[in-house]
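Numbering (our numbering), first residue to last: 103 to 354.
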């Protein structure tokens, strides 16, 4: 009872209880804040998102093996497998057709999966639109796609880059010469904000600084530390109105 009373008494520490100087670190001019402190969770969050989709695809495949009518489960497996790795490219499509379009752009065209996968996606959409009778005959292809996606996932390094070879070698012409070293990620939640910021950082030269605009709360707590864990330099975390500007220097 005594502990509960003490906890209730001191759980809310406001300026009414303590003088203003209690809220400043020694030598600092800004009030103490947790912004930029604590372990970065964005990188781990990306992995969790990917694994959820892969597990969903695998479960759908296993379910289809026990069904007489397999089409719905096969379709779910194809969608989940196609969606899984898109977050590593900063993409977050919602509709199935948008997922397939993004998968074509980021994984089929660069050669990370077999080019025949495009036909699999087209057949899946045709079935959903009523232009194909069934997908039962494509269950093995859906399983192969899921296995390939899982292999790519298992090869991801700390910078979310694949370490396995491409199925077909192609020139990567996706990099652009954008000179703007600022990215506005206000309104973008973890872990997608970190992925987008990391991709933007890769567009600038080593030694240059990227300004990342982030919301208060989890974004500014996690994104800076996720960069630090990957060996980048967090130069500054500065509050600007209702958001924060995080300056990140590319070190590698």
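Where a beta carbon is used, it is the ideal one built from N, C-alpha and C, also for glycine.
Cβ-based neighbour list, residue i, same chain, cut-off 7 angstroms, excluding 5 preceding and 5 following
i           : result
residue 204 : 188, 193, 195
residue 333 : 353, 354
residue 313 : 283, 284, 347, 349
residue 254 : 187, 214, 264, 266
residue 219 : 210, 247
residue 298 : 192, 285, 287, 290
residue 259 : 265
Where residue i falls: helix, strand or coil (DSSP)
i           : result
residue 237 : coil
residue 300 : helix
residue 262 : coil
residue 284 : strand
residue 320 : helix
residue 194 : coil
residue 211 : coil
residue 174 : helix
residue 252 : helix
residue 335 : strand
residue 162 : helix
Alpha-carbon spacing of residue i relative to residue j, whole angstroms
i           : j           : result
residue 162 : residue 107 : 52 angstroms
residue 351 : residue 324 : 17 angstroms
residue 257 : residue 164 : 24 angstroms
residue 262 : residue 148 : 9 angstroms
residue 180 : residue 244 : 6 angstroms
residue 206 : residue 221 : 11 angstroms
residue 344 : residue 317 : 7 angstroms
residue 307 : residue 300 : 13 angstroms
residue 309 : residue 303 : 11 angstroms
residue 248 : residue 294 : 22 angstroms
residue 199 : residue 320 : 31 angstroms
residue 168 : residue 322 : 46 angstroms
residue 150 : residue 232 : 34 angstroms
residue 251 : residue 175 : 17 angstroms
residue 268 : residue 315 : 34 angstroms
residue 296 : residue 190 : 10 angstroms
residue 228 : residue 292 : 34 angstroms
Beta-carbon contacts of residue i that lie in its chain and below 6 angstroms, excluding the five residues immediately before and after
i           : result
residue 356 : With the chain running from 103 to 354 in the structure shown, residue 356 is simply not present.
residue 342 : none
residue 172 : 166, 238, 241
residue 223 : 202
residue 208 : 191
Residue i burial status per 10 Å Cβ neighbour count (16 or more: buried)
i           : result
residue 217 : exposed
residue 153 : exposed
residue 50  : Nothing in the structure corresponds to residue 50, since the chain is present only between 103 and 354.
residue 327 : buried
residue 270 : exposed
residue 105 : exposed
residue 274 : With a pLDDT of 44 at residue 274, under the threshold of 50, the modelled position of that residue is not reliable, and the figure given next carries that caveat. Exposed: under 16 other Cβ atoms inside 10 Å.
Residues bridged to residue i [DSSP beta-bridge criterion]
i           : result
residue 347 : 315, 340
residue 180 : Paired residues: none, contrary to the question.
residue 105 : Answer is none; residue 105 lacks a bridge partner.
residue 206 : Note: residue 206 sits in no beta bridge, so no partner.
Neighbourhood of residue i by C-beta, 8 angstroms cutoff - its chain only, sequence neighbours within 5 removed
i           : result
residue 281 : Note that residue 281 scores 46 on pLDDT, short of 50, meaning its location in the model is unreliable; the coordinates nonetheless yield the value given after this. Here the set comprises nothing.
residue 225 : 234, 237, 240
residue 367 : Since the first residue of the chain shown is 103 and the last is 354, residue 367 is not available in this structure.
residue 201 : 181, 184, 185, 188, 195
residue 230 : 177, 198
residue 170 : none
heavy atom of the ligand ATP below 8 angstroms from residue i C-beta
i           : result
residue 178 : The ligand ATP is not among the ligands present in this structure, which contains no ligands whatsoever.
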